[in-house]
Amino acid sequence: MTARQQRMLIVVLVLAGVGVATTFGLRAFQENLLYYYTPTQVQAGEPPLNRKFRVGGLVVPGTVGNEPGKLEKTFDLTDNGAMVTVHFAGILPDLFREGQGIIAHGKLNDEGVFYAEEVLAKHDENYMPPEVAESLKQIHGEEPSQ
Amino acid sequence: MSISEASLQGRGLSLWRGDRCLFQNLGFELTNSQWLHVSGGNGSGKTTLLRVLAGLTMPESGDIYWDDRRISRSRFDYHRSMIYMGHLEGLKGDMNPEENLRFHYQLRDKKAGERIEIAIERLGLQRCRSLPCRSLSAGQRRRAALARVLVSSATLWILDEPFANLDVKGRELVEELVSEHLEQGGMAILAAHHEMHINGGTRVPLELS
Amino acid sequence: MSISEASLQGRGLSLWRGDRCLFQNLGFELTNSQWLHVSGGNGSGKTTLLRVLAGLTMPESGDIYWDDRRISRSRFDYHRSMIYMGHLEGLKGDMNPEENLRFHYQLRDKKAGERIEIAIERLGLQRCRSLPCRSLSAGQRRRAALARVLVSSATLWILDEPFANLDVKGRELVEELVSEHLEQGGMAILAAHHEMHINGGTRVPLELS
Amino acid sequence: MWTWFHKLSSPPHFYRLSGTMIPWFGWLAAALIIPSLYAGLALAPADYQQGDGFRIIYVHVPSAMLSLFVYMFMATAAAIGMIWRMKLAHAVAVACAPIGASFTFLALATGSIWGKPMWGTWWAWDARLTAELILLFLYLGYMGLRAAIDDTNRADRASAILALVGVVNVPIVHYSVTWWNSLHQASTLLKKGGPSIPPDMAIPLYGMILGFLCFFGAVSLTRVKREVLVREQNSKWVKDMVTSK
Amino acid sequence: MQTPGMLDAGWALLVRDIKLGYRRIGELANPLVFFLVVATLFPLATSPERELLMEIGPGIVWVAALLSSVLALDTLYRSDMDDGTMEQMALSPQPLAWLLLVKTVAHWLVSGLPLVILAPLVAQAFFLPAEAGPTMVASLALGTPTLSLIGSIGAALTAGLRRGGALVAMLVLPLSMPILIFGARATDLAMDGLDVTGPLNLLAAIMFLALSLGPIAAAAAIRVSLD
Amino acid sequence: MQTPGMLDAGWALLVRDIKLGYRRIGELANPLVFFLVVATLFPLATSPERELLMEIGPGIVWVAALLSSVLALDTLYRSDMDDGTMEQMALSPQPLAWLLLVKTVAHWLVSGLPLVILAPLVAQAFFLPAEAGPTMVASLALGTPTLSLIGSIGAALTAGLRRGGALVAMLVLPLSMPILIFGARATDLAMDGLDVTGPLNLLAAIMFLALSLGPIAAAAAIRVSLD
Ligand code: HEM
Ligand SMILES: Nc1ncnc2c1ncn2[C@@H]1O[C@H](COP(=O)(O)OP(=O)(O)OP(=O)(O)O)[C@@H](O)[C@H]1O
Ligand SMILES: Nc1ncnc2c1ncn2[C@@H]1O[C@H](COP(=O)(O)OP(=O)(O)OP(=O)(O)O)[C@@H](O)[C@H]1O
Ligand SMILES: [Mg+2]
Ligand SMILES: [Mg+2]
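Residue numbers (this note's numbering), protein chains in the order written: chain A, 1 to 146; chain B, 1 to 209; chain C, 1 to 209; chain D, 1 to 245; chain E, 1 to 227; chain F, 1 to 227.
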């Protein structure tokens, strides 16, 4: 083998390697690599039974059961498609309110109710002053979309 | 002449270590049947220069040319035709001299197999050929390293203190081997504190201070 | 005579390595102002013998006596009055020669402090006294190891190839140092392939084959 | 262009040039950061959801962005140093590392402080957060490797290789929020279809980002200047400069 | 003179390294024993409840794999560096990156492969369901070579230094974290009977990337260390 | 000539070893970072839930302690062995066992102590209750020196061999098991508010045993390695 052939061979091998890596990488991103499941996926039965996982979605306005004096709360989560009922006993983060995006970590029981052990509020990427949000709401009749 | 035409040139080589300039703007030229005698006291930079010439250390400035091509650009060709023996022997302590030699030639030269036997005999390693290198004496290890040089059909030999640890016979043997190599048209670069009696070839002196 | 009376004897020393007998029933005696010249070709067992004499390696049979006491029984006294320099220098690469010397004398001798300065100068290490030992040249490292020997006020010096890697001046220096040591009543055991010109003291030859 | 490049890479020239540029960067940084900070903390309206809590954005976002920018800058400098064997570029890379590590640490700290009230947790093993933590470890590894090698020349090249290998982490930090359903919000400023933040909130933010950039410019140039001085301490121009003072 | 092809040279090096690795029979067992010991440590250190072990099982296997691979790293180039063999390899007509790749493969065969083979046994000990076994093996088979490849860069960077141990770990562990995450995730998913192609594809992608770029970085690092 | 006392000589060696360990300020951070990184691996590999982490926390701290101590072991005698310093120490008028003990103490100060100090922080990250903190520190303070002492025997036995890394681990880890078990047990008990004197006493007993016999075994092993 000459010096030139050797160099060519190495370049070809490296490029081939990177190419194969990209193929696998692209295929990987079409699959499930999530930090959390959406309510739609939950309804489709994707997450495991009897094991902990995360669900993320928006708190459906009007579903937050607020029994005064009790820590336990129940509410629905949606991704504008399916819905999941979440049950949580504990202190909720400040940002938790109706219409807000949250991530709950826990288990699904047999009746399809999600028993959360931890609730994190997920903030979206939109920032605006309260007045603007208010006027937007009046125009569109809803919160700015997630 | 069994070795083809070749030339080695150093042009404008400089190197500092810390605040010390080991050599500056150093140049030389070497062709077939010539040997470069690098001399100088302890710490004058001989080892460093030899490593630069072998392509292990980068000079601060300047370049080395093998057959008029920079060695940094034609590594393959240069390393094929050059062999280096430094302060470290490059022998695996767990393998015996024969296995060590065989391994090195599996990387360098397909056809070296037959020459291994001859080299072992020539360097007087018959008695310890099947001992693991870690239990060899200092001089025997040096001889095994020299056997590697001998087996290679490299044009250029770069030897750093080839005489270290060798007994009187061993030193004479090295002088003989280098002479033969030069007579066949080879080149050599030697750094040594001892006087050398090399009959074949022309000496090109290079004194570091 | 600044060094007190002492004597070293080897009696009936034998050692095999594998199926090879390096020495058998070897005996010698050494007293003040004498030096033992251990000679022999590569692999004849010089290093091994020196390690036996230093107490690092156990001989297969035989014993070594220091002032008529077995060294295995009087390690403290023997090691206090003996210093050994082998193929390995015993210098930490991360420390400079001065720090290395100082450390060794914190283990050996409280009063050696003043002599360190002198030894560094004598061995020409001024320029590299504050460089980490890993960046010293082979010869400079050897010199630092010799400085350690010089600083010790040991009666017996055991030096394995003290000339290795040294330049011409360095070799002369070592000869001078050993001569001085012998003149002061010291003893030395030297293994070397070179001819040695040691004027002080009496040479006791010991040839291994 | 090429001669300019060469001229810049000569240490004495760079030393003089950076000497004049540092004050510019410094003042510009002050002129951007102080009013922007005031505008961000006092003038900008509160967020409709987060209230005043969102104002930590004015520190978090610039430092987070700079943590990535500085890494890329450092890696580019290291690559230039490797390819063209330019010592000045290595000096730049060295000088950048601690600054980048500080920005990363700041991003992590402000993020955690922000996360506690907003998400309800200081920390989650979310892709964005983990990748940012790895970025911090990479900066630390870079500095640790340098510290372990005493020869500057070797330290330069070894750490440059590490910096280049670590580049793979940068896109992961940046795109983690789009690739995965992360807890961390998606991009506000670089969003498709324009930023989803009104100008009165955004302008101080841009001001802070630019201000941080200038601050980085000033600090890094100061550090490079000192690094160059240490490296060239035996050269003629440094000796001349010292004696002429 | 006839320079051997890359394949011949690589084969010779592979054989030599494996031979050296297994020269003493006892050492064959080392990485394995280490792996087993680390894995055993957890049931001992925490409580040996079935449910807990099941939950942490995949994670522990992966951490043990990662650590035993890091532990063995220090010796990857060190001994060749100390005795001058690396110098000779850098000066041979073979591309250094190729030689280093071969050395890394040999290292993996000695330290990583036994672990992949042994993993199902450990999985058993952690009560992992049988259907997770193949995924665990597959993820380890894809992940441990990557660990070795990344580790080889770290080992090359610190090869010239005296006390590399902790530094190597510090350089290598952050870069290995993604592999750990996805490897453990894959096994986790498999335990629940879910689709694991996502993480496995990603592991494969990282492996090929490391395979093609890692040796080049390592070769550059070795040349620096030799300087 | 006046031979220095054992204390003087020991002090000099201690100072030297610590100085070598921390020659560069940056390296002070190494064991710390390593420990933190290892601790980070677990939440990454298993799931990062509070409850789970609480349960495995003590185990993880101990495993990280053990590993970072084992990882550093290889360098304990190796470098002194390779450059001939060990020869010189064996030939000095000081008892070798004493010098090795001092070296081990220095090793612990560099690699073990930072860990003891840092443990409460990691405990925090794993949500361990505050009352378990002192016990964790106490158990680590008693246990890590023992790990170093046991390790020193292993390091001495393998000092003459080339590739000691994994072999040391293999020798040392099984012997260290009891320490891990009792160390983690103590913290576990403290978390539940129970009496911890039992395991702590046992740890102390093992430590003193290792302290008095370990160095002698190590010295004998080193003399064999030097032969
Ligand atoms: C420890 C926790 C956190 C870490 C490590 C972190 C890290 C980062 C990083 C690295 C970026 C820069 C991304 C880029 O330039 O591509 C970023 C941007 C940002 N982060 Fe965080 N973050 C954390 C917590 C938070 C929290 C709690 C919030 C608010 C709820 C937040 C809001 C933002 C925003 C608004 C941006 C700018 C996005 C853009 O427009 O590009 N971060 N963060
Ligand atoms: N960082 C540094 N600062 C100053 N001088 C340095 C530095 N690093 C190395 N040196 C010096 O560079 C020289 C290297 O010499 P080299 O090993 O090439 O010598 P040599 O001629 O081979 O000597 P010997 O005959 O002893 O083998 C030494 O004198 C050493 O002290
Ligand atoms: N297991 C073994 N079987 C046979 N011979 C052995 C074995 N181990 C060592 N040897 C031999 O023992 C001798 C040791 O020699 P030693 O190192 O003492 O020689 P030396 O005289 O110092 O030589 P040099 O001049 O080369 O330094 C060597 O010849 C070596 O081959
Ligand atoms: Mg030299
Ligand atoms: Mg010898």
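Glycine residues also receive a C-beta, built at the ideal position from the N, C-alpha and C atoms. Every value quoted in this text rests on a predicted model; they were computed, and no experiment measured them.
Contact test: A138(B) Cβ vs ligand 5 heavy atom, cutoff 7 Å
Yes, the Cβ of A138(B) comes within 7 Å of a heavy atom of ligand 5.
Helix, strand or coil at R163(F) according to DSSP, with G and I counted as helix
Residue placement at R163(F) cannot be trusted, given a pLDDT of 49 that sits under 50; the coordinates are not used to answer.
Limits of the beta strand (DSSP E) - the one that S14(B) falls within = S14(B) -> beta strand (DSSP E) spans S7 to R17.
| field | DSSP three-state assignment for P58(E), whether helix, strand or coil | value | Per DSSP, reduced to three states, the secondary structure at P58(E) is helical.
Give the DSSP-derived three-state secondary structure of K122(A) in the structure shown.
Strand, per DSSP.
Practice item. Might you give, ordered along the chain, the residues of its own chain that have their beta carbon closer than 6 Å to the beta carbon of I222(E), omitting 5 neighbours on each side? Key: Correct list, in chain order: A156.
Answer with buried or exposed for M187(C), where buried requires no fewer than 16 other C-beta atoms within 10 angstroms of its C-beta. Classification of M187(C): buried, given that the 10 Å Cβ count is 16 or more.
Is K46(C) close to ligand 3? I mean its beta-carbon at under 7 Å from any heavy atom of the ligand. Yes, Cβ of K46(C) sits closer than 7 Å to a heavy atom of ligand 3.
Exercise. Should the segment 45–57 of chain A be regarded as contacting the segment 95–112 of chain A, the criterion being three or more beta carbon pairs within less than 8 Å?
Worked result: A contact exists between the segment 45–57 of chain A and the segment 95–112 of chain A.
I181(F) versus T40(E) - alpha carbon distance:
Spanning the two alpha carbons is a distance of roughly 11 Å.
Give the range of the alpha helix (DSSP H) segment to which A46(D) is assigned. Premise fails: A46(D) is in no alpha helix (DSSP H) and is neither H nor E.
>> When you measure from the CB of L131(C) to every non-hydrogen atom of ligand 2, does any distance come out below 7 Å?
In response: Yes, Cβ of L131(C) sits closer than 7 Å to a heavy atom of ligand 2.
Exercise. Would you grab the beta carbon distance between M118(D) and L13(A) for me? Rounded to a whole angstrom, and I think it's under 8 Å.
Key: Contact flag wrong, Cβ pair sits at about 48 Å.
- request: Enumerate in chain order the residues of its own chain whose CB-to-CB distance from F42(F) is below 6 Å, with the five nearest sequence positions on each side excluded.
  value: Within the same chain, Cβ atoms closer than 6 Å to the Cβ of F42(F) are found at I60, the five residues on either side in sequence being excluded.
### Task
Could you name the residues of the same chain whose beta carbon sits closer than 7 Å to that of I149(D), not counting the 5 residues immediately before and after it, in chain order?
Closer than 7 Å at Cβ, skipping near neighbours: A155 and A158.
| task | May I ask you to check if the CB of S87(C) is nearer than 7 Å to at least one heavy atom of ligand 5? | result | The amino acid at residue 87(C) is misidentified as Ser; the sequence shows His. The beta carbon of H87(C) sits closer than 7 Å to at least one heavy atom of ligand 5.
Cross-strand partners of L77(A) (DSSP beta bridge): Bridge pairing for L77(A): V59(A) and V84(A) [DSSP].
- Contact with chain E by Q184(B), beta-carbon distance below 8 Å: False, the Cβ-Cβ gap to chain E never drops below 8 Å.
Helix, strand or coil for V70(D) per DSSP? Note: V70(D) maps to helix in three-state DSSP.
| Minimum Cβ-Cβ distance from P215(E) to chain B less than 8 Å | Closer than 8 Å: no.
Please name the residues in the segment 68–90 of chain B whose beta-carbon is closer than 9 Å to at least one beta-carbon of chain A, in chain order.
-> If you check each beta-carbon in the segment 68–90 of chain B against every beta-carbon of chain A, the ones closer than 9 Å belong to S74, R75, F76, D77 and R80.
Checklist entry - Fully enclosed by the segment 89–148 of chain C, which alpha helix (DSSP H) runs are 4 residues long or longer? => result Runs of the alpha helix (DSSP H) inside the segment 89–148 of chain C: 97–108 and 113–122.
Where A109(D) falls, given that 16 or more other Cβ within 10 Å makes a residue buried
Using a 10 angstroms sphere on the CB of A109(D), the tally of other CB atoms stays under 16, which defines it as exposed.
Could you check if T135(E) is buried or exposed, using at least 16 other CB atoms within 10 Å of its CB as the buried criterion? It is buried - the Cβ of T135(E) has at least 16 other Cβ atoms within 10 Å.
* To do: Taking a Cβ distance cut-off of 7 Å, strictly less, list which residues of the segment 141–162 of chain D are near chain E, in chain order.
  => Here the close residues are G141, G144, L145, A148, I149, R154, R157, A158, I161 and L162.
Beta bridge counterpart(s) of L30(B) as assigned by DSSP
Under DSSP, L30(B) takes part in a beta bridge, and its partners are L8(B).
Next on the checklist: Measuring alpha carbon to alpha carbon, tell me which residue in E72(A), V11(A) and V18(A) is nearest I206(E).
Outcome noted: Taking the Cα of I206(E) as reference, the smallest distance to any Cα among E72(A), V11(A) and V18(A) is reached at V18(A).
Q) Taking 8 Å as the CB-CB limit, is Q106(C) close to chain F? A) Among the residues facing chain F, Q106(C) is included, as its CB has a counterpart in that chain under 8 Å away.
Indicate whether N270(B) and S179(B) have their beta-carbon atoms separated by less than 8 Å. There is simply no residue 270(B) to check, as chain B begins at 1 and stops at 209 in what is shown.
How would you call L7(F), buried or exposed, if buried means at least 16 neighbouring beta carbons within 10 angstroms?
Its Cβ having fewer than 16 others within 10 Å, L7(F) is exposed.
Within 10 angstroms of its Cβ, does W211(C) collect 16 or more other Cβ (buried), or is it exposed?
A query on residue 211(C) cannot be resolved here, the shown segment of chain C reaching from 1 to 209 and no further.
Taking 8 Å as the threshold (beta carbon to beta carbon), is T210(B) in contact with chain E? Residue 210(B) lies beyond the residue range present for chain B, which begins at 1 and ends at 209; the question has no answer from this structure.
Report task. Measuring alpha carbon to alpha carbon, tell me which of M54(E), A64(E) and L20(E) ends up nearest D192(E). Result -> Closest in alpha carbon position to D192(E), among M54(E), A64(E) and L20(E), is M54(E).
Self-check item: Helix, strand or coil at S152(F) [DSSP, three-state]
Solution: Residue state, collapsed to three classes: helix.
- Hey, is the segment 65–80 of chain B in contact with the segment 32–50 of chain B, meaning 3+ C-beta pairs nearer than 8 Å? Remark: fewer than three beta-carbon pairs, one from each stretch, lie closer than 8 Å, so the segment 65–80 of chain B and the segment 32–50 of chain B are not flagged as touching.
query = Using the beta-carbon count (16 or more within 10 Å), is R185(F) buried or exposed?
reply = A residue is called buried when at least 16 other Cβ atoms come within 10 angstroms of its Cβ; R185(F) meets this threshold and is buried.
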